[in-house]
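Visitor: Quick one: structure below, then a few questions.
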Amino acid sequence: MNEKIEIKHQGKVYTPRWIAEIMINQFSNTDLKNARIMDPGVGSGNLLVPLARRLALKFRETRDKGYLKSLSELHAIDIDGDALQVLHDRLKQSIRQLLPTYTFDFSKHILHANILDQLRGQKENSFDVVISNPPYVKYSNIPLEDKSKILAAKFKLFTRQSDLYIAFFEFAINSLKVGGKLSFITPSSWLRSAYGLDLRNYLMKAPTQFSKGNLLALYDFADHQVFEKAITYPAICCIKKIKYDQKRETPKVYLYDGKSFSQKNCLGIDGGKWFINSKPNVLKISNYKVNDLFDIVSGIETSANSIFITKKSRDADNNCRECVFNGRTFLIEKPLLKKILKLSVLKDGKDTHDRFIIYPHDRDGNLLEESFLREKYPKGYEYLLLNKRILEQRYKGIISEKDWYTINPIKTLKFYNGPQVVTPEMAKYPKFQIVDLTDSLFTSGSLILARMPFPLEKILSIFNTDRMAEYIKETSQIFRESYYRYSKRYLGNYPIG
Ligand SMILES: C[S@@+](CC[C@H](N)C(=O)[O-])C[C@H]1O[C@@H](n2cnc3c(N)ncnc32)[C@H](O)[C@@H]1O
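Each residue of the sequence shown is one higher than the last, beginning at -7 in my numbering.
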């Protein structure tokens, strides 16, 4: 095959050394110890060989055998057998130079194969580290035979007429364990193109599966050409596979100016496309509604606040707090009480009343057994029992009678630890603010949870605007003393941008 055809149909363009260094630096020492490592589309090893050298040097420096373990777990795949031969020789030579007394059988995990044939028997969730400069091949240039393999594979990210590199993303993501990371260099087109949408959604939206993606870093070369033989607009990205309920970290984004990278403030989103702001401190999001980018979670509702939530309380002794409910004082066991913030009375992010809620649930929101409650927290149980008649009226017909003391059987009760953006339910004008919800529940308002990791200050700048005030005035009913409702129903359709 001549070189031009190899570039066009197999994307054979090798990675320069300095770019390999940036890509390898995305992995911490911990990531690289005792790790199963894979390079799909490895070629002659411009990424895998320096990565192997890094492992060997780390072992020499620390004597930590975790690095040796990783050296024996280097996996590589390519369709080009000649390139794989070169890879094997390079690996052997460079590791022999650095660790002359050790022997590794690198051939064990070098696979001469088309990645599209590996999808069925693919070992999912088994790699800690994937590094790749995959082939960039436009859909129209992908060989017919490969197109039918793609069709049969029932990809989730390669859903449109995508570039072949999207299939490598999908292969890598499937291969990663939860907690594993990939470092890829590809054209930056997935940030903007229609065929990149499913990958972007994987990194931004709520997951439909057990895990989701977290973009940790993005290095955009803009229009600077870094590959000798091909014109591309590449970007390096580092993605971590995380559990569905884990909070995404904010990605670090960098832009190349022809000499070096400088860190920019944030990713911008415009009409579903992503871009890196060249101006720092500007986050541009447009053509979205709040519901597209944020979850709005309303606070605890008990339908009997005066029974569940303290007006006043103080420490009584090691075991109990003295709690005032409806003007009467009761001793309640401390583990049965949780802190709760009343968002309608917050001043500078604090509820000066130090409120508590009786919480007969576990941390996951499951209702505690009545017998357990009676034995473990007799005082709190007595108090609830005193109010049984009122409590059991609340969800009549919805729950079984034995659950009469539940806080709320319909809403999932959950803690949202850490600093969060919240709003009171009723307000005269937008009063979104950041509060620390560590070990604390909240009521009479909502929490604004970004699906994409936006800095909290940025969220405030989207919500605390005159435009938002006007919008809520127009859409929400007016209440006494010119109060309006800032709830999911009204906020959700607010157009951003
Ligand atoms: C852009 S090159 C990168 C090579 C090397 N990783 C590097 O960074 O220098 C892409 C590699 O993917 C290989 N390749 C192309 N299509 C492939 C496929 N369907 N399955 C496996 N490898 C493929 C090519 O042979 C080539 O070595």
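Don't be surprised by glycine CBs; every beta carbon is placed ideally from N, CA and C. Here the structure is a predicted model, which is why all the values come from computation and not from measurement.
Roughly how many angstroms lie between the CA atoms of Q238 and G171, to the nearest whole one?
Guide: Walking along the sequence shown from the start, residue 238 turns up at place 246. Walking along the sequence shown from the start, residue 171 turns up at place 179. Taken atom to atom, the span from the alpha-carbon of Q238 to that of G171 is near 11 Å.
Visitor: Quick check: the Cα distance between I470 and P416, rounded to an integer number of angstroms?
Guide: Against the sequence shown, residue 470 aligns to sequence position 478. Against the sequence shown, residue 416 aligns to sequence position 424. Answer to the nearest angstrom: the Cα atoms are 15 Å apart.
Visitor: Do you know how far the Cα of H216 is from the Cα of K251?
Guide: Here the question's residue 251 lines up with position 259 in the sequence shown. Here the question's residue 216 lines up with position 224 in the sequence shown. About 10 Å.
Visitor: Please name the residue in A419, F147, K173 whose C-alpha comes closest to that of E473.
Guide: Working through the sequence shown from its first residue, we reach residue 473 at position 481. Of the listed residues, the one whose Cα sits closest to E473 is A419.
Visitor: Please report the residue range of the beta strand (DSSP E) in which V122 lies.
Guide: Locating residue 122 in the sequence shown gives position 130, counting from the first residue. Residues 119 to 124.
Visitor: Quick check: L365 and Y375, are their CB atoms within less than 8 Å of each other?
Guide: Here the question's residue 365 lines up with position 373 in the sequence shown. Here the question's residue 375 lines up with position 383 in the sequence shown. No Cβ-Cβ contact shorter than 8 Å links L365 with Y375.
Visitor: Can you find the residues in the same chain that come closer than 8 Å, C-beta to C-beta, to R477, ignoring five residues on each side of it along the sequence?
Guide: As a working mapping, residue 477 is identified with position 485 in the sequence shown. Closer than 8 Å at Cβ, skipping near neighbours: E417, M418, I464, S468, Q469, F471.
Visitor: Give me whichever residues DSSP pairs with A442 in a beta bridge.
Guide: Locating residue 442 in the sequence shown gives position 450, counting from the first residue. A442 is bridged to F286.
Visitor: Is there contact here, the region 169 to 186 with the region 88 to 98, by at least three beta-carbon pairs under 8 Å?
Guide: no
Visitor: Of the choices N318, N409, P327, whose alpha-carbon is the least far from that of D370?
Guide: If you number the sequence shown from 1, residue 370 lands on position 378. Asp is not the amino acid found at residue 370; the sequence shown has Pro there. When only C-alpha atoms are compared, the closest one is P327.
Visitor: Hey, how far is the Cα of L377 from the Cα of Y397?
Guide: Locating residue 377 in the sequence shown gives position 385, where the first residue counts as 1. Locating residue 397 in the sequence shown gives position 405, where the first residue counts as 1. Separation of L377 and Y397 (C-alpha to C-alpha, rounded to the nearest whole angstrom) is 8 Å.
Visitor: Here's the rule I'm using: 16 or more other beta-carbon atoms within 10 Å means buried, otherwise exposed. How should P243 be labelled?
Guide: Against the sequence shown, residue 243 aligns to sequence position 251. Under this definition P243 is a buried residue.
Visitor: Any heavy atom of ligand 1 closer than 7 Å to the CB of P352?
Guide: Here residue 352 is taken as the residue at index 360 of the sequence shown, counted from 1. Not one heavy atom of ligand 1 sits closer than 7 Å to the Cβ of P352.
Visitor: Between the C-alpha atoms of D428 and K232, what's the straight-line distance to the nearest angstrom?
Guide: The sequence position of residue 428 within the sequence shown is 436, counting from 1. The sequence position of residue 232 within the sequence shown is 240, counting from 1. Taking the straight line joining both Cα atoms gives about 26 Å.
Visitor: Run through DSSP, which three-state label would T321 get?
Guide: Within the sequence shown, residue 321 is the residue found at index 329, counting from 1. Looking at T321 - three-state DSSP - the assignment turns out to be strand.
Visitor: State yes or no: is the C-beta of N283 within less than 8 Å of the C-beta of G484?
Guide: Here residue 283 refers to the residue found at position 291 when the sequence shown is read from its first residue. Here residue 484 refers to the residue found at position 492 when the sequence shown is read from its first residue. Against a cut-off of 8 Å, the Cβ pair of G484 and N283 comes out as a contact.
Visitor: The alpha helix (DSSP H) spanning R46 covers which residue range?
Guide: Taking the sequence shown and counting its residues from 1, the one referred to as residue 46 is at position 54. Per DSSP, R46 belongs to the alpha helix (DSSP H) from 40 to 54.
Visitor: Cβ of P243 versus every heavy atom of ligand 1: is any distance shorter than 7 Å?
Guide: Locating residue 243 in the sequence shown gives position 251, counting from the first residue. Not so, every heavy atom of ligand 1 lies at least 7 Å from the Cβ.
Visitor: Can you list, in chain order, the residues of its chain whose CB lies under 8 Å from that of S118, leaving out five sequence neighbours each side?
Guide: Numbered from its first residue, the sequence shown carries residue 118 at position 126. Excluding residues within five positions, the ones whose Cβ falls inside 8 Å are R28, S167, K169.
Visitor: State the DSSP-derived secondary structure class of V12, mapped to helix, strand or coil.
Guide: For the purposes of this step, residue 12 is identified with residue 20 of the sequence shown, where counting begins at 1. First, the amino acid is wrong: residue 12 is Ala here, not Val. DSSP places A12 in helix when its eight states are reduced to three.
Visitor: Which residues in the same chain have their Cβ closer than 8 Å to the Cβ of Y59, if we skip the five residues on either side of it in sequence?
Guide: Counting from one through the sequence shown, the residue named residue 59 turns up at place 67. Closer than 8 Å at the Cβ level, and outside the excluded window around Y59, lie L24, K25, L47, A48, K50, F51.
Visitor: Locate the beta strand (DSSP E) running through N206, then write down its first and last residues.
Guide: In the sequence shown, counting from the first residue as 1, residue 206 sits at position 214. 203 to 212 is the extent of the beta strand (DSSP E) around N206.
Visitor: So what's E314 in DSSP terms, helix, strand or just coil?
Guide: Sequence index remark: in the sequence shown, residue 314 carries index 322 (1-based). E314: strand per DSSP, three-state reduction.
Visitor: Considering only heavy atoms of ligand 1, does any lie closer than 7 Å to the CB of Y6?
Guide: If you number the sequence shown from 1, residue 6 lands on position 14. Checking every heavy atom of ligand 1 against the Cβ of Y6, one is found closer than 7 Å.
Visitor: Assign K4 to buried or exposed, taking buried as 16 or more other Cβ atoms, counted over all protein chains shown, within 10 Å of its Cβ.
Guide: In the sequence shown, residue 4 corresponds to position 12, counting from 1. K4 comes out buried.
Visitor: Comparing alpha-carbon positions, which option in P32, N297, N206, P411 lies nearest Y236?
Guide: Taking the first residue of the sequence shown as 1, we reach residue 236 at position 244. Closest by alpha carbon: N206.
Visitor: Indicate the three-state DSSP secondary structure (helix, strand or coil) for P127 in the structure shown.
Guide: What you label residue 127 is simply residue 135 of the sequence shown in a count that begins at 1. Residue state, collapsed to three classes: coil.
Visitor: With a threshold of 6 Å on Cβ separation, who are the neighbours of L108 within its own chain once the five nearest residues in sequence on each side are excluded?
Guide: Counted from its first residue, the sequence shown places residue 108 at position 116. Excluding sequence neighbours, L108 sits near D138, K141.
Visitor: Express the C-alpha separation of T430 and Y475 in angstroms, rounding to a whole number.
Guide: Mapped onto the sequence shown, residue 475 falls at position 483. Mapped onto the sequence shown, residue 430 falls at position 438. In a straight line, the C-alpha of Y475 is about 29 Å away from that of T430.
Visitor: Buried or exposed for V320, please, with buried defined as at least 16 other CB atoms from any protein chain shown within 10 angstroms of its CB.
Guide: Looking up residue 320 in the sequence shown gives position 328. Sequence check: residue 320 is Arg here, not Val. Result: exposed.
Visitor: Indicate whether I407 and I349 have their beta-carbon atoms separated by less than 8 Å.
Guide: The residue given as residue 407 occupies position 415 in the sequence shown. The residue given as residue 349 occupies position 357 in the sequence shown. Residue identity differs from the one stated: residue 407 is Phe in this sequence, not Ile. In this structure, I349 does not lie closer than 8 Å to F407 by Cβ.
Visitor: Bridge partners of C229, per DSSP?
Guide: Locating residue 229 in the sequence shown gives position 237, where the first residue counts as 1. The partner list for C229 (beta bridge, DSSP) reads F176, L210.
Visitor: The alpha helix (DSSP H) spanning A145 covers which residue range?
Guide: Locating residue 145 in the sequence shown gives position 153, where the first residue counts as 1. 136 to 145 is the span of the alpha helix (DSSP H), which, as asked, contains A145.
Visitor: Thinking just about the alpha-carbon of each residue, which of I11, V34, K61, A12 is nearest to the one in T22?
Guide: Here residue 22 refers to the residue found at position 30 of the sequence shown. Closest by alpha carbon: K61.
Visitor: Could you tell me how far apart the beta carbons of D31 and S180 are, in whole angstroms, since I believe they sit closer than 8 Å?
Guide: Against the sequence shown, residue 31 aligns to sequence position 39. Against the sequence shown, residue 180 aligns to sequence position 188. With a beta-carbon spacing of about 21 Å, D31 and S180 fall beyond the 8 Å limit used to define contacts.
Visitor: Any idea if P272 is buried or exposed, counting beta-carbon neighbours within 10 angstroms, 16 or more meaning buried?
Guide: Looking up residue 272 in the sequence shown gives position 280. In this prediction, P272 scores a pLDDT of 43, lower than 50, which makes its location untrustworthy; the coordinate-derived value is nonetheless stated afterwards. So P272 ends up on the exposed side.
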